[in-house]
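Engineer: Count along the sequence shown from 1, add 229, and you get the number used in this note's numbering.
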Amino acid sequence: METIRFLPCGESAVTVNFSSEINEDCNKKLRYFVREIEAQKVKGVRECVPAFCSATVYFDPFLTNHKKLQKALTKIIDSYKEEGSGKRRVFLIPVCYEGEFSPDLDDVCKHSGLSRDEVIKIHSGTDYLIYMLGFLPGFPYLGGMDSRIATPRLDSPRTSIPQGAVGIGGEQTGIYPLASPGGWRLIGRTPVKPYDPEREEPILYKAGDYIRFCPVSESEFEKIQNDKDYRVEVIEA
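1. Have a look at Pro-391 and Arg-377 and give me their C-alpha separation to the nearest angstrom.
2. Taking the DSSP output, what are the residues bridged to Phe-235?
3. Determine the extent of the beta strand (DSSP E) in which Ile-390 is found, giving its start and end residues.
4. Do you know whose CA, among Gln-299, Tyr-326 and Cys-443, lies nearest Leu-236's CA?
5. My output table needs one value for Ala-301: the three-state DSSP class, helix, strand or coil.
6. Would you call the segment 359-367 and the segment 321-333 touching, i.e. three or more CB-CB distances under 8 Å?
7. Does DSSP put Asp-356 in a helix, in a strand, or in coil?
8. So the beta strand (DSSP E) Ile-440 belongs to, where does it begin and stop?
9. With respect to the alpha helix (DSSP H) encompassing Phe-262, which residues constitute its N-terminal and C-terminal limits?
10. Determine the burial state of Ile-464: buried for a count of at least 16 other Cβ atoms within 10 Å of its Cβ, exposed for fewer.
11. As a quick exercise: from Cys-238, Ser-446 and Glu-462, pick the residue whose alpha carbon is nearest that of Asn-294.
12. Answer yes or no: do Ile-432 and Tyr-439 have a C-beta to C-beta separation smaller than 8 Å?
13. Can you tell me the Cβ-Cβ gap for Thr-285 and Val-274, rounded? I've got them flagged as a contact below 8 Å.
14. Taking Val-337 as part of the alpha helix (DSSP H), name the residues at either end of that continuous run.
Right, here's the structure in full:
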């Protein structure tokens with residue numbers, strides 16, 4: 230087991246590093262740590278920002294200090310107990326890999342030596358763990374993509390990527406929840422809004438949930454997009 234490191238960030242923050250490698254076990258411990266900080270209302274803590282293998286805890290230096298906070302955070306870390314596999318929430322996200330929705334799919338095929346159908350089958354054949362959310366509201370950093378379809382980012386990022394675009398960047402895949410610049414290879418698009426400020430819960434999923442991409446045709450994409458009552462199916466697996 231790796232030694233957990235506390236790295237001071239100025240006088241009002243500390244980064245707690247759980248591991249030097251990204252893996253599911255580390256991410257479970259990290260999510261537990263973040264939940265417990267919130268649940269226990271640790272004195273002086275203003276905010277806890279998780280990443281893949283670490284979390285930065287911001288605190289009020291008038292209410293606590295590095296030494297006291299590290300002691301409180303260490304208690305939380307030591308209280309972690311390995312949970313059973315249990316059930317996990319899997320969000321079934323429809324994705325159209327056809328036509329204008331997949332401008333870079335052929336690049337992935339060329340890089341991997343696989344056909345379009347093979348790339349789509351591989352990409353949609355995995356339940357991806359959401360390690361963290363960031364970059365944009367609802368942008369999921371997903372783990373578990375098959376290395377066979379890993380493809381380098383674009384040499385020159387696009388200035389605008391449409392909402393719902395699904396892309397591959399190196400060994401990662403994800404969904405652009407809002408229109409934005411970006412350099413990932415676009416292989417499909419979902420009609421679902423991962424982020425919608427009009428919803429009671431604006432972000433569709435949370436870190437620790439899973440995403441499964443489900444291929445749909447262009448006509449099915451349009452039908453879902455126009456259906457105001459459409460709800461993403463969520464299964465327990």
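Glycine included, C-beta positions come from ideal geometry on N, C-alpha and C.
Structural biologist: Answer, in terms of the structure:
1. 26 Å
2. Val-245
3. 387-390
4. Gln-299
5. helix
6. no
7. strand
8. 439-445
9. 253-269
10. exposed
11. Cys-238
12. no
13. At roughly 11 Å, the Cβ-Cβ gap does not stay under 8 Å, so Thr-285 and Val-274 are not in contact.
14. 334-341
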